[in-house]
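Asker: This structure is in structure tokens; I'll ask about it shortly.
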């Protein structure tokens with residue numbers, strides 16, 4: 022595509038499949054060195070190999086493990102997500118807490134980890150991706 026991101030490093034969570042994989046592929050095509058971050062290590066390695074990037078097997082639900090993290094990323098794409106479609110009275114509280122850890126706490130901690138590098142370089146981009154469920158709930 023272009024070399025618009027040549028010399029830049031991008032981290033894409035959920036980057037081994039779906040929308041995350043498409044984003045990782047596009048960033049690589051635009052010249053970025055892409056870190057495919059995903060819970061599925063095998064899938065992350067496979068996709069990273071396809072796009073000339075690197076894999077990062079990471080469990081975003083382990084937010085304590087992310088608290089002291091430092092990322093030398095110029096671009097951070099928070100794309101990882103899970104969903105649960107269930108009547109609220111049947112919705113398990115632990116599942117709700119898991120969703121909050123993966124889709125709220127982890128992106129906060131990853132942005133926090135990436136900002137010092139971005140400030141130091143005087144350049145950076147953070148993209149937070151949401152599905153349509155971020156706007157409209159399932160019945």
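In this note's numbering, the protein residues as written are 22 to 160. A virtual CB, placed ideally from N, CA and C, is assigned to each residue, including glycine.
Starting from the Cα of residue 61, find the closest Cα among 107, 69, 37 and 48 and give me that residue.
Answerer: Reading the chain shown from its first residue, position 40 is the one you call residue 61. Checking every option, the nearest Cα to that of residue 61 belongs to 37.
Asker: Please name the residue in 107, 26, 47 and 100 whose C-alpha comes closest to that of residue 81.
Answerer: For the purposes of this step, residue 81 is taken as the residue at position 60 of the chain shown. Cα-wise, what sits closest to residue 81 is 100.
Asker: Residue 106 and residue 48 look like a contact to me (Cβ under 8 Å); what is the Cβ gap, rounded to whole Å?
Answerer: Taking the first residue of the chain shown as position 1, residue 106 is located at position 85. Taking the first residue of the chain shown as position 1, residue 48 is located at position 27. That belief does not hold up - the Cβ atoms of residue 106 and residue 48 are roughly 30 Å apart, past 8 Å.
Asker: Considering residue 54, what are the terminal residues of the beta strand (DSSP E) in which it resides?
Answerer: Position 33 of the chain shown, counting from 1, holds the residue named residue 54. That run of the beta strand (DSSP E) goes 54-59.
Asker: Tell me which residue opens and which closes the beta strand (DSSP E) that residue 148 is part of.
Answerer: Here residue 148 refers to the residue found at position 127 when the chain shown is read from its first residue. Note, residue 148: beta strand (DSSP E), 146-149.
Asker: Put residue 134 into one of helix, strand or coil per three-state DSSP.
Answerer: Within the chain shown, numbered from 1, the residue matching residue 134 stands at position 113. Helix, per DSSP.
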